[in-house]
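Note that the numbering used here numbers the sequence shown so that position 279 is 405, with each residue one more than the last.
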Amino acid sequence: LDFAWSEEQQALRRSVIQFAQHELASDVIAEDHRGEFSWEGWRQCARFGIQGMPVPEEYGGGGADILTTVCAVEALGYACRNAGLIDSLNSHACGCEIPLTAFGTDAQKRELLPRLAAGEFISALAADGPRSGFGSSNSGVRAERKGGGWVLNGSCAWVSNAPLAHVVVVLAAGGQSEAAPGTTAFLVRKSTKGFTTGAPVSTTGLRTSLIAEVKLEGCELPAESVLGEAGGGTAVLEAALDGQRLCALAGQIGVMQRQLEVSARYATERRQFGQPIGKFPAIASKVAEMDIRLETSRLVLYRAAWLKKQGKRSDREAAIAAAYVGEAAIETARDALQIHGGYGYMTEYQIERELRDAVAGRLYSGSGEPDKRTIARARGL
Ligand SMILES: Cc1cc2nc3c(=O)[nH]c(=O)nc-3n(C[C@H](O)[C@H](O)[C@H](O)COP(=O)(O)OP(=O)(O)OC[C@H]3O[C@@H](n4cnc5c(N)ncnc54)[C@H](O)[C@@H]3O)c2cc1C
127 LDFAWSEEQQ ALRRSVIQFA QHELASDVIA EDHRGEFSWE GWRQCARFGI
177 QGMPVPEEYG GGGADILTTV CAVEALGYAC RNAGLIDSLN SHACGCEIPL
227 TAFGTDAQKR ELLPRLAAGE FISALAADGP RSGFGSSNSG VRAERKGGGW
277 VLNGSCAWVS NAPLAHVVVV LAAGGQSEAA PGTTAFLVRK STKGFTTGAP
327 VSTTGLRTSL IAEVKLEGCE LPAESVLGEA GGGTAVLEAA LDGQRLCALA
377 GQIGVMQRQL EVSARYATER RQFGQPIGKF PAIASKVAEM DIRLETSRLV
427 LYRAAWLKKQ GKRSDREAAI AAAYVGEAAI ETARDALQIH GGYGYMTEYQ
477 IERELRDAVA GRLYSGSGEP DKRTIARARG L
């Protein structure tokens, strides 16, 4: 077992941390309060090459594999306190760039990937219920053939980046055959007649990532809009969700490392009853548990990402990572808040926001019970 990062990956990690600490240091407290997307952060990330990272070099990207992308996103989670921005970047890279790279035609890739990689275009994935592996028949959009093309009708309730997106990967029910409709993925441009997005919804956490409804009303699309094969939407969705899950967890692990460091430092500096609070066994134990969760989270995530990189089956390992890390991130944020006492509860310390952000991870990148079903199924149940 060798989970050591290569020299190049370590250098990438260092440069992402340095970049994020210097260039992504906006006032996240105010942005979170206003529910505001950081355009400046998005542009800075594009200049650094974050959006282009998983895109092949021939289409203007960095050509990073999934393990290297996980390494970079973890560094971003550690050094950038704007978790909503990281969620937007993940939705863009995993919701569109990765499935487009895997399933797109050369014409689709040439048209979109260079602009997506440069951050000139923002993208999203509209799949609604299916995102946690609940089953792709949940899509709220229906596709029907019309002439040589397609017409889409329906909506997806919560789509990250929707209010900003130039292009959305829409997963629609239908397209395979009358008897077994299946699902089909489409590339839908914002300018398409009948395509609209709602106003951003107000959320508990990740408030700097804009989420809105996507509506398709009599949306006519040419045959070339299909991403992958008609009826092949599930494979496209799985490619998107696998990447999204690993990257979302990587970002959370970066946050967990920072919270551990900040909390351990606070526990040595803050004094009560004549000694640093870290001398109280209850506080020291919390710090130790934060460390155990961090190391365990890394092992399960890196193993799932490594399997994926080798092209091996990784659904059980990814479900284990999602079920474990999602919960661990919430517990670690709660411990960080508790160690900081009343200060932890104040917006100024930015821990209460990170607790709110962490809760979203249990919803969009795997929600406990369905993950456990996947794990149990792999054991023959
Ligand atoms: C911050 C955020 C961003 C999002 N971004 C996007 C996006 O970009 N694109 C998109 O398409 N969607 C997006 N979503 C929607 C997301 O995909 C769904 O919230 C997710 O799939 C869960 O579906 P649901 O909310 O309908 O919950 P439900 O499926 O209704 O689940 C409700 C509860 O029941 C449990 N449950 C469900 N099924 C089972 C089962 N079989 N066994 C046991 N328990 C079960 C769940 O664990 C959960 O606790 C986003 C959601 C959030 C919160």
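Beta carbons: idealized from backbone N, C-alpha and C, even for Gly.
Please read all numbers here as calculations on a predicted model, not as lab measurements.
Residues bridged to residue i by DSSP?
i, result
"Pro-402", "Arg-397"
"Phe-321", "Leu-342"
"Ser-249", "Val-293"
"Trp-276", "Arg-271 and Leu-347"
Quick one: does the C-beta of residue i sit closer than 8 Å to a heavy atom of ligand 1?
i, result
"Glu-453", "no"
"Ala-431", "no"
"Ser-217", "yes"
"Ser-286", "yes"
"Cys-282", "yes"
"Gly-377", "no"
"Ala-137", "no"
"Pro-240", "no"
"Leu-211", "no"
"Pro-496", "yes"
"Ser-303", "no"
"Ala-449", "no"
"Ile-475", "Here residue 475 turns out to be Tyr, not Ile, going by the sequence shown. Because no heavy atom of ligand 1 lies under 8 Å away, the Cβ of Tyr-475 does not count as near it: no."
"Leu-336", "no"
"Leu-507", "no"
"Ala-250", "yes"
"Tyr-490", "yes"
"Thr-323", "no"
"Ala-201", "no"
"Arg-384", "no"
"Gly-161", "no"
"Arg-499", "yes"
"Ala-365", "no"
"Leu-372", "no"
"Asp-368", "no"
Identify whether residue i lies in helix, strand or coil by the three-state DSSP scheme.
i, result
"Glu-343", "strand"
"Ala-311", "strand"
"Cys-197", "helix"
"Leu-420", "helix"
"Ile-337", "strand"
"Leu-97", "This structure leaves residue 97 out entirely; the chain is present only between 127 and 507."
"Ala-228", "helix"
"Trp-284", "strand"
"Leu-353", "strand"
"Ala-190", "coil"
"Ala-130", "coil"
"Ala-298", "strand"
"Asp-254", "coil"
"Gln-177", "coil"
"Leu-375", "helix"
"Leu-481", "helix"
"Pro-182", "coil"
"Cys-222", "helix"
"Val-360", "With the sequence shown as reference, residue 360 is identified as Thr, and Val is not the correct amino acid for it. Helix at Thr-360."
"Val-327", "coil"
"Met-382", "helix"
"Gln-135", "helix"
"Arg-499", "helix"
"Gly-261", "Caution is warranted here: a pLDDT of 43 is assigned to Gly-261, below 50, making its placement in the model unreliable, and no coordinate value can be reported."
"Glu-304", "coil"
"Arg-207", "coil"
"Gln-234", "helix"
"Gln-436", "coil"
Could you pull out every residue in the same chain whose Cβ sits closer than 8 Å to the Cβ of residue i, ignoring the five residues on either side in sequence?
i, result
"Ala-476", "For the record, residue 476 in the displayed sequence is Gln; it is not Ala. Closer than 8 Å at Cβ, skipping near neighbours: Val-154, Ile-155 and Arg-207."
"Gly-380", "Val-199, Glu-200, Ala-201, Leu-202, Gly-203, Tyr-204 and Ala-205"
"Glu-453", "Arg-488 and Gly-494"
"Gly-300", "Arg-268, Ala-269, Glu-270, Pro-307, Gly-308, Thr-309 and Thr-310"
For residue i, which residues of its own chain have a beta-carbon under 6 Å away from its beta-carbon, when the five flanking residues on both sides are left out?
i, result
"Ile-403", "Ala-393, Arg-396 and Ile-409"
"Phe-145", "Phe-174"
"Gly-261", "Its pLDDT being 43, under 50, Gly-261 is placed unreliably by the model, and nothing is read from it."
"Arg-315", "Val-293"
"Leu-278", "Val-267, Ala-269, Ala-298, Leu-342 and Cys-345"
"Lys-235", "Tyr-185"
Leaving out five residues on either side along the sequence, give the residues of the same chain with a beta carbon under 7 Å from the beta carbon of residue i.
i, result
"Ile-224", "Pro-180, Ala-365, Ala-366 and Gly-369"
"Tyr-469", "Tyr-475"
"Gly-354", "Phe-229, Ala-311, Ala-361 and Val-362"
"Gly-274", "Ala-349"
"Leu-215", "Cys-171, Ile-176 and Gln-177"
"Arg-482", "Thr-330 and Gly-331"
"Ile-143", "Ala-201, Tyr-204 and Ala-205"
"Arg-523", "No answer is possible for residue 523: the residues shown for the chain start at 127 and end at 507."
Examine chain D for any beta-carbon lying closer than 9 Å to the beta-carbon of residue i, and answer yes or no.
i, result
"Val-340", "Going by chain labels, chain D is absent from the structure shown, which holds only one protein chain."
*Pick out the complete alpha helix (DSSP H) segments inside the stretch 146-172, 4 residues or longer, and give them in chain order.*
154-160
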